[in-house]
């Protein structure tokens, strides 16, 4: 990250906890500076280096470096989590849907997938629960939703690695706001048909719900081949976000050496928050250009109308849950998207093939 962003984090942590301030001992000798402590934490996150390696460069002991890391990630999560790990607002929905419409997917809110993090210090009694056959080592799963600018909008971490993506989805809070009626109201039309639920691009393991759009396995016709190509290309947004996240923070690429799962969760969420902060600081958020020749948008986004107070009516929750699981609506949505993408990109596809 750039120096102004790093100093902003240091100043915020200094106000959050006295640990990140310059203190003096009984003999009036100054201790470690806030920059030293934050640098020790950042180097462990970015390089994945062990704590005892920092003594040569930063002059900080192993136990102090571990304490710096734990307090640093906890402070980042508490201070910046509400802003940089938030659910999309109405303005965010409008921008995401505008980008999705230009890419041929009206109503798209991002891409969803899961990532495994190897837990080297998993307790021996838990290894069977956290180990899956295709990985062979204990892992902890992260479920994330990322947009085209690699901003991570949703993160759910902590499920044992023996589960698959569907098990993680059943435990995550991805659709809690939708079920409570607190999510922004979305309306868009495809081929003259109106839809009221946004969707995420997903791979083949996810269920056939109208909130997911999957590719077509072994497509035969030109329309299906073009749709599969566009869907699989756009779904790589979340894969690219995982790759960038692991490149920026090598601690997520290497086996986790901490013993407590709560510490792993703090590290994962803090890395995602820092990742989003870097994207904002480097102005990587995609700005949709204005094209006067483009057709008018077919979507509207409005604030949620909440009338139930703390506890929603169970009947309303059941009706929304039924709408989320409607397979007939999924097939109709996929069919309309196939037609839309063929109308938008069919001519160039024929010329290239």
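Numbering (our numbering), first residue to last: 258 to 610. Quick reminder that beta carbons are idealized off the backbone N, C-alpha and C, glycines included.
Assigned exposure category for residue i - 16 Cβ within 10 Å defines buried
i	result
residue 509	buried
residue 571	exposed
residue 556	buried
residue 270	buried
residue 418	buried
residue 599	buried
residue 575	exposed
residue 495	buried
residue 423	exposed
residue 521	buried
residue 427	exposed
residue 468	buried
residue 314	exposed
residue 219	Here the chain covers residues 258 to 610 and nothing more, so residue 219 does not appear.
residue 294	buried
residue 261	exposed
residue 605	exposed
residue 607	exposed
residue 275	exposed
Opening and closing residue of the alpha helix (DSSP H) in which residue i lies
i	result
residue 494	479 to 505
residue 589	584 to 609
residue 451	Taken as a continuous stretch (DSSP letters only), residue 451 belongs to no alpha helix (DSSP H), being part of the beta strand (DSSP E) at 450 to 452.
residue 258	No alpha helix (DSSP H) contains residue 258, which DSSP labels as neither H nor E.
residue 350	347 to 359
residue 530	518 to 538
Selection from the options that minimises the alpha carbon distance to residue i
i	options	result
residue 470	345, 344, 581 and 310	581
residue 525	307, 503, 561 and 558	503
residue 404	492, 305, 387 and 484	492
residue 466	292, 283, 584 and 336	584
residue 414	538, 477, 309 and 523	523
Bounding residues of the beta strand (DSSP E) (the contiguous stretch that carries residue i)
i	result
residue 615	The requested residue 615 is not part of the displayed model; the chain covers only 258 to 610.
residue 394	Premise fails: residue 394 is in no beta strand (DSSP E) and is neither H nor E.
residue 341	Looking at the DSSP string, residue 341 is not in any beta strand (DSSP E); the run it does join, the alpha helix (DSSP H), is 319 to 341.
Residues that DSSP places opposite residue i in a beta bridge
i	result
residue 401	370 and 412
residue 442	559
residue 458	368 and 470
residue 388	395
residue 281	287
residue 447	450
7 Å Cβ cutoff, residue i in contact with chain B
i	result
residue 391	In summary, chain B is missing from the structure at hand, where a single protein chain is found.
Legend entry - Cβ contact check for the stretch 368 to 383 and the stretch 396 to 406: 3 or more pairs under 8 Å: yes
Inset, instruction - Tell me, please, whether the stretch 448 to 465 touches the stretch 349 to 367 by the rule of three or more beta-carbon pairs shorter than 8 Å. - result: yes
Legend entry - Three CB pairs or more closer than 8 Å across the stretch 437 to 455 and the stretch 320 to 332: no
Legend entry - Three-pair Cβ contact test at 8 Å for the stretch 283 to 302 versus the stretch 354 to 361: no
Legend entry - At least 3 beta-carbon pairs within less than 8 Å: the stretch 512 to 521 vs the stretch 377 to 392: yes
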